[in-house]
Each structure stands twice: as C-alpha cells, then as structure tokens.
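Chemist: For reference, the structure I am asking about is given below.
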Amino acid sequence: MKVNTPPMGWNTWNTFGDKINEELIRQTADVMVSSGLKDAGYEYLVIDDCWSLKERDAEGRLQADPEKFPSGMKAVADYVHSKGLKFGMYSCCGTLTCGQYPASYEHETVDAETFASWGVDFLKYDHCFKPQNEPSDMLYRKMGMALANSGRDILFSACSWGVNETHKWIKSTDADMWRSTGDIFDKWESVKQIYEQNKALQPYNGRGCFNDMDMLIVGMNGKGNVGLGGCTETEYRTHFSIWAMFASPLMIGCDIRSMDDATKNILMNKDVIAINQDENARQPYEIGSDLWVRLLANGDLAIMFVNAGDTARHMAISLRDVGLTRASHKTLKLTDMWSKEEFDMPNEIKVFNLEPHECKLLRGKIVDE
Ligand code: GAL
0 MKVNTPPMGW
10 NTWNTFGDKI
20 NEELIRQTAD
30 VMVSSGLKDA
40 GYEYLVIDDC
50 WSLKERDAEG
60 RLQADPEKFP
70 SGMKAVADYV
80 HSKGLKFGMY
90 SCCGTLTCGQ
100 YPASYEHETV
110 DAETFASWGV
120 DFLKYDHCFK
130 PQNEPSDMLY
140 RKMGMALANS
150 GRDILFSACS
160 WGVNETHKWI
170 KSTDADMWRS
180 TGDIFDKWES
190 VKQIYEQNKA
200 LQPYNGRGCF
210 NDMDMLIVGM
220 NGKGNVGLGG
230 CTETEYRTHF
240 SIWAMFASPL
250 MIGCDIRSMD
260 DATKNILMNK
270 DVIAINQDEN
280 ARQPYEIGSD
290 LWVRLLANGD
300 LAIMFVNAGD
310 TARHMAISLR
320 DVGLTRASHK
330 TLKLTDMWSK
340 EEFDMPNEIK
350 VFNLEPHECK
360 LLRGKIVDE
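Under numbering that gives the first Met the number 0, the first residue of the sequence shown carries the number 0, and numbering increases by one thereafter.
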C-alpha cells in the first residue's frame, strides 16, 4: 500500500498507556465522528501497546486480553469500521513489546495474518527487545513482506525511533511512515528537540513514506501517560504547525472525549491541515535559521517561522528569499493560517515579531505586483 498524504488519526498511547479497553475505543470512535475530527481528516483509530494476553494461544496466535476486550478484536474493528473509520493495532519487531507483551519476532507471518483476519488497516511496529544480532532493517522487511502477503491492505507504520540510520533503509521495508525520532512527552522541550532532530531528515520525507515525528500532544494539558507538565496554547499551536509543515502524520494523543475549545481549534484548523495534506508533499527548505518554505500543489508557498528560543525575536521574509526577484514582477500576498490576517509586502519584505516558542504559519499567494 502506498500513501500519498500523511496519515491522520488517533492513538491510545499518549494518554492511556496500558489503561485501554473496548469501551474507550468505542467512545473514542463515536467522538471522532461527532466532534468533526473525522470530517477534518482523522481516520485511523489505533490501539497501541498492552492490548494482548502475555501468552499466545495453542496455535501460536496473539490473543486480545479478554478483560480489556471481552468482545474480541474483530468486534472492536467492526465497530470502528461501522463509524466509517479505519482500525489500527500495534506489535513490535523484537521478542517482546516495549510493555513486555508477546511481539512478532519469528511470528511475522502468523501475526500479519491474524491482524488481517481481525480487519486491521494499520500496524504500528515498534523496536523493543530486538535480538542483538538481528539487523533492524531485515526485521522490518520481514513484517513488510508479511503484511504485503496478508491478503489485506494494511498501512505499515514503522517505529524504530530513527535508530541504526533508519532513513537509509526504511523504504526497502515497504513502510508507509516511519518514526524518525524518539518518544514525545507533553512538554515544550520535547517538541523543540523533535523539531531540531527532524530538520536534517526532511530530504528523506515524502509521498509513499512519511517521517513520523510521533503522536501529537495537543490538548493533553499535562494529563495522561506521557503528560509531563503540559504546554501553553501557543506551544501546542507551534507543535501542530511544525508537524503540519514537515508533513508528519497527525495522530492525536489526547482524550478527545473531553477536548476543550482551544484543543478543537488547533486540531481542526482546516488551513493548517491543508498544508499538511498537500497532495504533492514537497520537501520544505530552510532559509536562514528557522524560516521554512514549501511549494504547494496549487503554486502557493507555505511559510513557517519558528521561534524556538526563550526570548522574543524579529523574523523577516523577503521576496528575494523565496526566489522572487525584481525581474519576475511578482509579489506575495500572505495569509496567517491561525489569525487569518492578510499581509502585503510593499517593501518586498515582511517582519514579524515572535514571542518565545511562537510560530507563524503563513500561506503566500504569488500575484502580480
Ligand atoms: C515506544 C513507542 C511509543 C509507544 C510505546 C509503547 O517504543 O515509541 O510510541 O508505542 O513504545 O510501549
């Protein structure tokens, strides 16, 4: 399967960790539809680690924990599908998952078939408990091959945290997205670190195999499994803007059953999502430091300034920066993707004042001067 735009959805891990069950999944599926998230593009509902029993069954198959999922995974998948959503699950390339449940090492074929029989549409595949002498690339290739032969179209979401130079081999595994960095936590320093680490990985991103910067922390507000103090609204907006601009998958990690308005406004900002989902998924390029530009499918430019520092900063964009020299007789009409304000560039330059941790995400239309 090949994906043309970054996958969007929701995942249990950031908020719920091992505290998952079928009621949570059903309620979340309901809210994905009723809140408008599905209409905004979020379509995968993914159960992360800690869903199975600690032992395989007599035939060597993974089995759902009947206390957490008394109706069985097929029924859960059927419910998710009945809402018009797609269903995702989790395993790991090692002998155990990170939460120490059975994983798929030397069980790739049977597990891919089990997931297919349950109606799984998405598999997140982790990198814990990997036997030392087994190369990561071959372990991911084994699962990619098993999924491709499972009889079902299953999106392959690799999660090797960018280790062992993942970017060099990941496309050979048939992965549709790959975790480029380590785990996110619900605090600004984590967002900043993942942003910095992903700058150099942009050349490896694009259609068919997207750099996954990890699940979103927007709306967690310090609560839940990876909640560590939380972020301000400005920081959550910056986080969402960066993930959008860098064409990362957008997998929500907060409890959407209790989203406040600020969270909804961030997660369902259609203009920001449109940049993330741009059909050409072109590589962004950096001008100076922390000013990013990306050519969109309709000829517009997406422009992002990030002030990752702790003091206010003036940041400027000029026509020349983006290659619009005098000879073109063109200028940019800018629209702020958050405030919807519009700006001309009468002096061929526009300066913005950014507060600490603030981001400006603009769309620039190229028009006659
Ligand atoms: C980590 C992974 C997280 C989550 C967790 C589950 O390795 O990066 O996203 O899946 O394992 O134990």
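Just so you know, even glycine gets a beta-carbon here, dropped at the ideal spot from N, CA and C.
Quick caveat, the model's predicted, so the values are computed rather than measured.
On the DSSP bridge assignment, give the partners of Trp168 in chain order.
Modeler: Reading the sequence shown from its first residue, position 169 is the one you call residue 168. Answer by DSSP bridge pairing: none, since Trp168 is not bridged.
Chemist: With a floor of 4 residues, list each alpha helix (DSSP H) that falls wholly inside the region 35–71, ordered by position along the chain.
Modeler: 36–39
Chemist: Tell me the DSSP secondary structure of Trp337 in three-state form.
Modeler: Counting from 1 along the sequence shown, the entry for residue 337 is found at position 338. Note: Trp337 maps to coil in three-state DSSP.
Chemist: Would you give the residue range spanned by the alpha helix (DSSP H) that Ser317 belongs to?
Modeler: Mapped onto the sequence shown, residue 317 falls at position 318. Taken as a continuous stretch (DSSP letters only), Ser317 belongs to no alpha helix (DSSP H), being part of the beta strand (DSSP E) at 312–317.
Chemist: For a test of your reading of the model: does the CB of Thr96 fall under 7 angstroms from any non-hydrogen atom of the ligand GAL? Yes or no.
Modeler: Position 97 of the sequence shown, counting from 1, holds the residue named residue 96. Closer than 7 angstroms to some heavy atom of the ligand GAL: that describes the Cβ of Thr96.
Chemist: Please identify the residue among Ala102, Asn3, Lys167, Asp299 whose C-alpha is closest to the C-alpha of Ser51.
Modeler: On the sequence shown, position 52 is the one that residue 51 refers to. Checked all of Ala102, Asn3, Lys167, Asp299; the closest Cα to Ser51 is Ala102.
Chemist: Can you confirm whether the region 3–18 touches the region 275–289 when touching is taken to mean that 3 or more C-beta pairs between the two stretches lie within less than 8 angstroms?
Modeler: yes
Chemist: Can you give me the Cβ contacts of Val350 inside the same chain, cut-off strictly under 8 angstroms, excluding the 5 residues immediately before and after it?
Modeler: Translated into positions along the sequence shown, residue 350 becomes position 351. For Val350, where only same-chain residues beyond five positions count, the Cβ hits under 8 angstroms are His313, Met314, Ala315.
Chemist: Since I believe Phe68 is in contact with Glu21 (beta carbons under 8 angstroms), could you give me their beta-carbon distance rounded to a whole number of angstroms?
Modeler: Within the sequence shown, the letter at position 22 stands for residue 21. Within the sequence shown, the letter at position 69 stands for residue 68. Between Glu21 and Phe68, the beta carbon gap of about 5 angstroms places them in contact (Cβ cut-off 8 angstroms).
Chemist: Mind pulling the alpha helix (DSSP H) runs of 4 or more residues that sit fully within the region 216–284?
Modeler: 232–244, 260–266, 269–275
Chemist: Rounded to the nearest angstrom, what separates His166 and Cys208 at their Cα positions?
Modeler: Taking the sequence shown and counting its residues from 1, one reaches residue 166 at position 167. Taking the sequence shown and counting its residues from 1, one reaches residue 208 at position 209. About 10 angstroms.
Chemist: Please name the residue in Leu323, Trp117, Asp64 whose C-alpha comes closest to that of Asp152.
Modeler: Numbered from its first residue, the sequence shown carries residue 152 at position 153. Among Leu323, Trp117, Asp64, the Cα nearest to that of Asp152 belongs to Trp117.
Chemist: Residue range of the alpha helix (DSSP H) that Tyr89 falls in?
Modeler: As a position in the sequence shown, residue 89 is number 90, starting the count at 1. Annotation: Tyr89 is outside any alpha helix (DSSP H); the continuous beta strand (DSSP E) that includes it extends over 85–91.
Chemist: In angstroms, rounded to a whole number, what distance separates the CA positions of Arg319 and Glu347?
Modeler: By 1-based counting over the sequence shown, the position of residue 319 is 320. By 1-based counting over the sequence shown, the position of residue 347 is 348. C-alpha separation (whole angstroms): 8 angstroms.
Chemist: Where Lys269 and Ala39 are concerned, what is the direct C-alpha to C-alpha distance, given to the nearest angstrom?
Modeler: As a first step, residue 269 must be located in the sequence shown, where it is residue number 270. As a first step, residue 39 must be located in the sequence shown, where it is residue number 40. Spanning the two alpha carbons is a distance of roughly 7 angstroms.
Chemist: Got a sec? Which residues, its chain only, sit under 7 angstroms from Met244 by beta carbon, not counting five neighbours each side?
Modeler: One-based indexing of the sequence shown puts residue 244 at position 245. Ile274, Pro283, Trp291, Arg293, Ala301, Met303, Leu360, listed in sequence order.
Chemist: In the DSSP assignment, the alpha helix (DSSP H) including Lys191 goes from what residue to what residue?
Modeler: As a position in the sequence shown, residue 191 is number 192, starting the count at 1. Residues 187–198.
Chemist: Within the region 94–144, note down every full beta strand (DSSP E) run reaching 3 residues or more, in order along the chain.
Modeler: Restricted to the region 94–144, the beta strand (DSSP E) segments that are unbroken, complete and at least 3 residues in length are 121–125, listed in chain order.
Chemist: Would you mind stating whether Met214 and Gly252 have Cβ atoms separated by less than 8 angstroms?
Modeler: Here residue 214 is taken as the residue at index 215 of the sequence shown, counted from 1. Here residue 252 is taken as the residue at index 253 of the sequence shown, counted from 1. Going by C-beta atoms, Met214 is nearer than 8 angstroms to Gly252.
Chemist: What is the DSSP secondary structure of Val2, counted as helix, strand or coil?
Modeler: Taking the sequence shown and counting its residues from 1, one reaches residue 2 at position 3. Three-state DSSP puts Val2 in coil, outside helix and strand.
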